[in-house]
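**Q**
There are 2 protein chains.
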Amino acid sequence: MNATETYQNLTRKLREISVLGSCAAVLGWDEQTYMPPKGGTFRGEQVSLLAQMCHEQFTAPEIGEALSTLEGSDLLSDPDSIPAANIRELRRSYNRATKIPSRLVAELARVTTLAQGEWRNAREKNDFSLFQPWLEQVLNLKREEAESVGYTEHRYDALLDEYEPGMTAARLKQMFAELAQNLVPIIQAIQNSKCKPQGEILHRPYPIELQKTFAEQAARQIGFDFEAGRLDVTAHPFCTGIGPGDCRITTRYNANFFNESFFGVLHEAGHGLYEQGLLAEQFGLPCGSACSLGIHESQSRFWENQVGRSHRYWQMLFPKAQAHFSPVLADVRLDDFYFAINEVKPSFIRVEADEATYNLHIILRFELELALLSGDLAVKDLPQVWRDRFTQLFGITPPDDKLGCLQDIHWSMGGIGYFPTYTLGNLYSAQLMNAAQQQIVNLNELILQGDFVPLREWLRENIHIHGKRYTADGLIEKAVGEPPQSRAFIDYLRSKYQPLYQF
Amino acid sequence: MNATETYQNLTRKLREISVLGSCAAVLGWDEQTYMPPKGGTFRGEQVSLLAQMCHEQFTAPEIGEALSTLEGSDLLSDPDSIPAANIRELRRSYNRATKIPSRLVAELARVTTLAQGEWRNAREKNDFSLFQPWLEQVLNLKREEAESVGYTEHRYDALLDEYEPGMTAARLKQMFAELAQNLVPIIQAIQNSKCKPQGEILHRPYPIELQKTFAEQAARQIGFDFEAGRLDVTAHPFCTGIGPGDCRITTRYNANFFNESFFGVLHEAGHGLYEQGLLAEQFGLPCGSACSLGIHESQSRFWENQVGRSHRYWQMLFPKAQAHFSPVLADVRLDDFYFAINEVKPSFIRVEADEATYNLHIILRFELELALLSGDLAVKDLPQVWRDRFTQLFGITPPDDKLGCLQDIHWSMGGIGYFPTYTLGNLYSAQLMNAAQQQIVNLNELILQGDFVPLREWLRENIHIHGKRYTADGLIEKAVGEPPQSRAFIDYLRSKYQPLYQF
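In order, the protein sequence lines correspond to chains A and B.
The number in the working numbering is simply the position in the first sequence, starting from 1, with 1 added.
The number in the working numbering is simply the position in the second sequence, starting from 1, with 1 added.
#1: Are F453 (chain A) and I101 (chain A) closer than 8 Å when you measure CB to CB?
#2: Kindly indicate if chain A contains any beta-carbon less than 8 Å away from that of R231 (chain B).
#3: Measuring alpha carbon to alpha carbon, tell me which residue in B:R310, B:E368, B:E282, B:R351 is nearest H362 (chain B).
#4: When you compare only the Cα positions, how much space is there between H467 (chain B) and E163 (chain A)?
#5: Taking the beta carbon of E146 (chain A) as the centre, do at least 16 other beta carbons fall within 10 Å, making it buried, or is it exposed?
#6: Can you say whether T358 (chain B) is buried or exposed, counting buried as having 16 or more other CB atoms within 10 angstroms of its CB?
#7: Please list the residues of the region 11-34 of chain A that have a C-beta atom closer than 7 Å to any C-beta atom in chain B, keeping them in chain order.
#8: Taking just the CA atoms, how far does A236 (chain A) sit from Y35 (chain A)?
#9: Using the rule of at least 16 other Cβ atoms within 10 Å of the residue's Cβ for burial, across every protein chain shown, is S496 (chain A) buried or exposed?
#10: What are the boundary residues of the alpha helix (DSSP H) that I188 (chain B) is part of?
#11: Among the residues of its own chain, which have a CB less than 8 Å from the CB of Q316 (chain A), if the five just before and after it don't count?
#12: I need the straight-line Cα distance from G285 (chain B) to Y429 (chain B), nearest angstrom please.
#13: Return the bridge partner residues of D247 (chain B) from the DSSP annotation.
#14: Let me know if A508 (chain B) comes out buried or exposed under the rule of 16 or more other beta-carbons within 10 Å of its beta-carbon.
#15: Give the C-beta separation of L365 (chain B) and L394 (chain B) to the nearest angstrom, bearing in mind that I take them to be a contact with Cβ-Cβ under 8 Å.
#16: Ordered along the chain, which non-local residues of its own chain (more than five positions away) have a Cβ less than 7 Å from that of A123 (chain A)?
#17: In chain A, which residues lie with their C-beta within 8 Å of the C-beta of F227 (chain B)?
#18: Taking Cβ-Cβ distances below 7 Å as the criterion, which residues of the region 43-60 of chain A are in contact with chain B?
#19: According to DSSP, is R470 (chain A) part of a helix, a strand, or is it coil?
#20: First and last residue of the alpha helix (DSSP H) that includes G73 (chain B)?
#21: Suppose you measure from the CA of M434 (chain B) to the CA of Y419 (chain B); what does that come to, to the nearest Å?
#22: Tell me, to the nearest whole angstrom, how far the beta carbon of P455 (chain A) is from that of I441 (chain A); I am working on the premise that it is less than 8 Å.
#23: Can you list, in chain order, the residues of its chain with a C-beta nearer than 7 Å to that of H465 (chain B)? Leave out the 5 residues immediately preceding and following it.
#24: Please list, in chain order, the chain A residues whose beta carbon lies closer than 9 Å to that of G289 (chain B).
#25: Please list the partners that D377 (chain A) has in chain B, where partner means a Cβ-to-Cβ separation under 8 Å.
#26: Smallest Cα separation from F215 (chain B): which of B:T252, B:A67, B:D332?
#27: Could you say which of A:D332, A:F338, A:G295, A:G265 lies nearest to E305 (chain A) if we only look at CA atoms?
#28: Taking Cβ positions, are L51 (chain A) and A67 (chain A) nearer each other than 8 Å?
#29: According to DSSP, what are the bridge partners of G230 (chain A)?
#30: So, using beta-carbon positions, are G426 (chain B) and S311 (chain B) closer together than 8 Å?
#31: Grab the span of the alpha helix (DSSP H) containing I448 (chain A) for me, first residue to last.
#32: Short of 6 Å in beta carbon distance, which residues of its chain neighbour F263 (chain B), apart from the five on each side in sequence? Order them along the chain.
#33: Can you tell me whether E57 (chain A) sits near the ligand GDP, meaning its C-beta is under 7 Å from at least one heavy atom of the ligand?
#34: Looking only at its chain, what residues have a beta carbon closer than 7 Å to the beta carbon of F319 (chain A), apart from the 5 residues adjacent to it on each side?
#35: For A437 (chain A) and L494 (chain A), I'd like the C-alpha separation in whole angstroms.
#36: Quick one: is P400 (chain B) buried, meaning 16 or more other Cβ sit within 10 Å of its Cβ, or exposed?
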């Protein structure tokens, strides 16, 4: 068998494994949307069988052998070619999947399932001590996972690699330090400002049926293909790319709050556009899969914030909103609406935070999970350290752990290294918008006209179609001409908030 | 390994295969309900991968070896025990699955997929000649399948065995001849009667939202568990039992016809009660699976007709219907409504037929498919023979093949031997109602009170929980004290229609 045949067999097998995995994606979507409650136990059995089969098939020795054969072939002669990138990335995930002992995989699955339950219980009772032993167990297992996978510098890098391949703790430290240094003064200036938006505008009665049609139209306008996707309601909004021609997003409606569903839908539709923009013929292969969580988040944040919270977007959409929700917005001026949707206000809960303070929430979590993993911070001290550092960063102190270190599910699921990708997404999105402004003629004019085709196509050409062909770093640098950094995002925030808060 | 361990291993493996198969059931439901249109191609890939994996795993030599070991063990000493029944039925399906060459399986899949498309096309164009070569191919392959599987008497028996294990062409001929002999005079008497129901009652405007809540209440009242199931809308109504705790039914609404959704939902809920009544701990094994298609249909027909079209059911429900659809039924008397939902009228389309003439449609198809399979009837002659025999049975002649031999999808899918199970279901359901009347104290009174618990429990104890533990024949005989026959059904029709049509 020559290298080309080996490559074809391997990619055929990989596609098959992904088709099997995609069945679990349908089951996962169904579980969150329409599954009857008593179906839950059996659904667990279905999903875990599929996961186990996919893992077994992907870690089979033949996969490793095929990769070794291909690594010695001239398919790698152009390292940026699609086959070379697929082989590189398959090796990365094959090594990761085979280096972690199956005993550890099983133990992680068992402990994190229990830890999630205990976390929920602890949060409900506002009692960190109930969660403490479970977080300790999770951290021990994640340390073991990191040791199995291996790393050069920091143990954290081995975990981060699962979510943002190529990123390191050292680079994050440097990038986030710079970000915090510039962000904190902006937030302070905003807090000291006498200008305040009229927040009540967003808390008027917005009938859910009207919110639904308005959000759908907005998603359709930016290009989410409803012939190849759906929008449903779930308790926790998400986007799931099932496979070519099928990507589904969800939202939740609050009859007295405009932002929740509208910006939620733009956010998920941004994720959805990414999934819909992947190359169908590369389905199941790295070059047909999302580059990283940070890049994925850059796409959602791009449409939610860079576009969706911009003044020119609402110049286009506000008259339509006034007509759609008539008479609720009849007495509201565009500029007041624009100010309201861009209010900055320190608060305790990450998922409710504005564009600016959101990143302080992430920086806090990054610092703490780094210290927890290294052992510099004992789990028992987490609540106090959280409160102290939160106060330093935000100028306010969480009154309890429910509004502090018990608010997020991630750590109980073993998601150490996940949080930073949210802020990376924010940083990337600002860099991408800068580049789009430079490269697309009359972009502002197009947005004013509600024509998003050139912008979407630009993202598709520069981000979506590449999948994992390049690392996140490489992809950003290729698209915007510079590596990831925080300056573009800071400039973006400053230029948006200075006129609003007049500092 | 002793026999008990072998049995445990085998049942564990079988359960796993069924869990995998149940994923395809979710995907199938999703395809009919919520899947976006562009997801169709990929969905085909998912479903065919799962089907192929299930087939491979079920036909693996180890399954056959385990069965051989168990067949020599004392687990079979009580042939009616659950393990013995599971082994017996697994052997039956294992033999069937392994006797058909994989080349033939693939060819059947290929040809029937194409034949369905050609059938649709032929029906649309009302041109049988387009479908003729495809039906010939399907019949050739089904003959080959029958030869591979083997049979004692009639080739047809090998095909029937897939849908109604144990039933034979010879017994069907005898049972259906007796049925036709008694049914045709009843239908003739009805046609000669001067009494006619006021059909327009059912064709008034029934708002879909009201139909939905009314049908849901009716399904809930007879015991369909909506915590373990759902009701959705599809073009072609169906019931799918996904697994323990998850069984879904569908319907379609016609804003100007009461029967379509109401009796459709009762029908599917009857199927659903059967699925919800199977033993969860036997999931994936014959004793946790429906006995036969005929038994399944007996459950749907039981609730749709034996209960749902009875006078006492509407004594209970009609006042509620009047209130629910007010004022649409304000001027209607219970007896006129009852007569309207029990109208008998020969018509060309099977799926629109009433309880009585429905069975003539089945007898026609049974006779013709028997002759097609044996070769006594050439495919090219089918349209004419259909018209002639239809005229004999119904007294009216289909004006074209769309209303004749092109109306049903079954043959294009290779479903030769499927049709008789519909009428078997009707016959079984009448026998079951007779037995229930004898065995449940005050059943009529309970129905008048809308209390269906004892009736549902009786069906659960006598039918549902047994799965395939007994053959359909054995199960009916055990439940009602006599083997399947047509007398109970004929008596039921006569006692219902004589007072209405006064013959």
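For each residue, glycine too, the CB sits at the ideal point set by N, CA and C.
**A** Based on what the coordinates show:
#1: no
#2: yes
#3: B:R351
#4: 49 Å
#5: buried
#6: buried
#7: E17, V20, L21, S23, C24, V27, L28, D31
#8: 12 Å
#9: exposed
#10: 170-193
#11: L335, L449
#12: 25 Å
#13: B:G244
#14: With chain B represented from 2 up to 504, any question about residue 508 (chain B) goes unanswered, as that position is not in the structure.
#15: 6 Å
#16: F129, L131, F132, L407
#17: P37
#18: F43, E46, Q47, L50, L51
#19: coil
#20: Where G73 (chain B) is concerned, there is no enclosing alpha helix (DSSP H), given that its DSSP letter is neither H nor E.
#21: 24 Å
#22: 5 Å
#23: Y275, G278, L279
#24: Neighbours of G289 (chain B) on chain A: none; closest Cβ ~12 Å, over 9 Å.
#25: Going along chain B, no residue has its Cβ under 8 Å from D377 (chain A), so there is no contact; the nearest lies around 45 Å.
#26: B:T252
#27: A:G265
#28: no
#29: A:C248
#30: no
#31: 444-449
#32: A216
#33: The ligand GDP is absent from the structure shown, which contains no ligand whatsoever.
#34: L335, F338
#35: 17 Å
#36: exposed
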